[in-house]
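Visitor:
Numbering (full-length UniProt numbering), first residue to last: 1 to 356.
1) If I measure Cβ to Cβ from residue 142 and keep anything under 6 Å in the same chain, skipping five residues before and after, which residues do I get?
2) Looking at the structure shown, is residue 114 part of a helix, part of a strand, or coil, going by DSSP?
3) Measuring CB to CB, does residue 92 end up less than 8 Å from residue 138?
4) Can you say whether residue 193 is buried or exposed, counting buried as having 16 or more other CB atoms within 10 angstroms of its CB?
5) Go ahead and label residue 49 buried or exposed: buried means 16 or more other beta carbons lie within 10 angstroms of its beta carbon, across all protein chains shown.
6) Are there 16 or more other CB atoms within 10 angstroms of the CB of residue 220, so buried, or fewer, so exposed?
7) Going by DSSP in three states, residue 320 sits in which element: helix, strand or coil?
8) Expressed to the nearest angstrom, what Euclidean distance is found between the alpha-carbon atoms of residue 342 and residue 223?
9) Is it right to say residue 171 is buried, meaning 16 or more other beta carbons lie within 10 angstroms of its own, or is it exposed?
10) Quick one: give me the first and last residue of the alpha helix (DSSP H) that residue 179 is part of.
11) Just the C-alpha distance for residue 233 and residue 76, rounded to the nearest angstrom, thanks.
12) Could you tell me the alpha carbon to alpha carbon distance between residue 204 and residue 56, rounded to whole angstroms?
13) Going straight from the alpha carbon of residue 182 to that of residue 107, what length do you get?
14) Could you tell me whether the region 310-321 touches the region 233-242, where touching means 3 or more Cβ pairs closer than 8 Å?
15) Buried or exposed: where does residue 94 fall if 16 or more other Cβ atoms within 10 Å of its Cβ makes it buried?
16) DSSP state of residue 338, grouped into three classes?
17) Are the beta-carbon atoms of residue 307 and residue 331 separated by less than 8 Å?
18) Per DSSP, what kind of secondary structure is residue 218 in: helix, strand or coil?
19) In the DSSP assignment, the beta strand (DSSP E) including residue 135 goes from what residue to what residue?
20) Inspect the beta-carbon positions of residue 272 and residue 240 and report whether they are closer than 8 Å.
21) Going by DSSP, what residues sit across from residue 53 in a beta bridge?
22) Whole angstroms are fine: how far does the CA of residue 187 sit from the CA of residue 130?
23) In three-state DSSP terms, what is residue 155?
24) Figure out for me which residue from 351, 278, 87 and 52 has the closest Cα to the Cα of residue 36.
25) Once you ignore the five residues that flank residue 134 on each side, which residues in its own chain have a CB closer than 8 Å to its CB?
26) Give me the DSSP bridge partner(s) of residue 186.
27) Can the beta-carbon of residue 124 be found less than 8 Å from the beta-carbon of residue 96?
28) Exposed or buried, which one is residue 74 when buried takes at least 16 other CB atoms within 10 Å?
29) Specify, as a first and last residue, the run of the alpha helix (DSSP H) that residue 74 falls within.
30) Measuring CA to CA, which of 263, 72 and 344 is closest to residue 114?
31) How far does the beta strand (DSSP E) with residue 207 in it extend, from its first residue to its last?
32) Mapping DSSP to helix, strand and coil, what is residue 299?
33) Could you check the C-alpha separation between residue 340 and residue 262 for me, to the nearest Å?
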């Protein structure tokens, strides 16, 4: 028999025997967790809460909630399994939350469990809860279940709203990079309904600051390229709302005689959806200039806020490292808070509707 056939059949045999040796998960004997939440209790204790949907009949389900306290996430899961009639499994985990106090004390240890479990996907959404993760998870009453409801909330805000893209893979890779600082969406309860209220920024793995979600479009446009953005401009003479904004940004770094110069170019184009002043077509050039000035002012304030806190969510250091041959990490850290960062903003109206 030719060698290639011997290798082929050997590979098939090994695969079959390996599969026999793997633990089997019978669907009727496991309970899929779709969302998990962790709350700070004290320096040695966390409260872990998980939600698993139970299907009652066609198009109907109820969420089963399990919660307990422990010193580690894995220990907590062992305790929660003692409450459940079937084994709790992470294969359908969509999203994980940490309350604000836990995030302020650092997330690295809590994240370790999520990163080590091979059944958890790298695109798992992460979020911060301003109050209690347990209260948020037990407040949701949705026909699709808490996990998928919250996952959809994040997904459509990334695609159409002010929320920049982030997940377990991105957050953990930023932590390991040492040249950027991560961020996560932060939720709060409003009239009993969970809502994304802000973007939380981290110094290493500890939460240090946040900005309201209404202002997060500035950060998103500085952070990444995207489509379908929105921008509201309010001046003394008029108010305007733009939709379907396409945004591209480029960070340029130059080194002139040991002096680092950083320039962020942002190009925007969008469609008028609302304008409170007459003769829009006539005023488009002045409007484009007004928006450029407004964006530049807000963006400069945000960048200065990051520098004062000594955090770098825009990844300026990463661009410096890849652009400057004589990059010195210690020197960059010493100079970052006073580093000049120039902005060049260009906006163009692409459509203003049928009304002039």
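Note that CB positions come from ideal geometry on N, CA and C, so glycine has one too. As the structure is a computational prediction, the values presented were derived from the model and not from experiment.
Guide: A quick look at the data gives this:
1) 149
2) helix
3) no
4) exposed
5) buried
6) buried
7) helix
8) 15 Å
9) buried
10) Residue 179 -> no alpha helix (DSSP H), and no H or E assigned at all.
11) 48 Å
12) 44 Å
13) 11 Å
14) no
15) buried
16) helix
17) no
18) helix
19) No beta strand (DSSP E) holds residue 135; the alpha helix (DSSP H) holding it covers 133-137.
20) yes
21) 63
22) 6 Å
23) helix
24) 52
25) 37, 39, 47, 49 and 67
26) 128 and 198
27) yes
28) exposed
29) 73-81
30) 72
31) 206-212
32) helix
33) 7 Å
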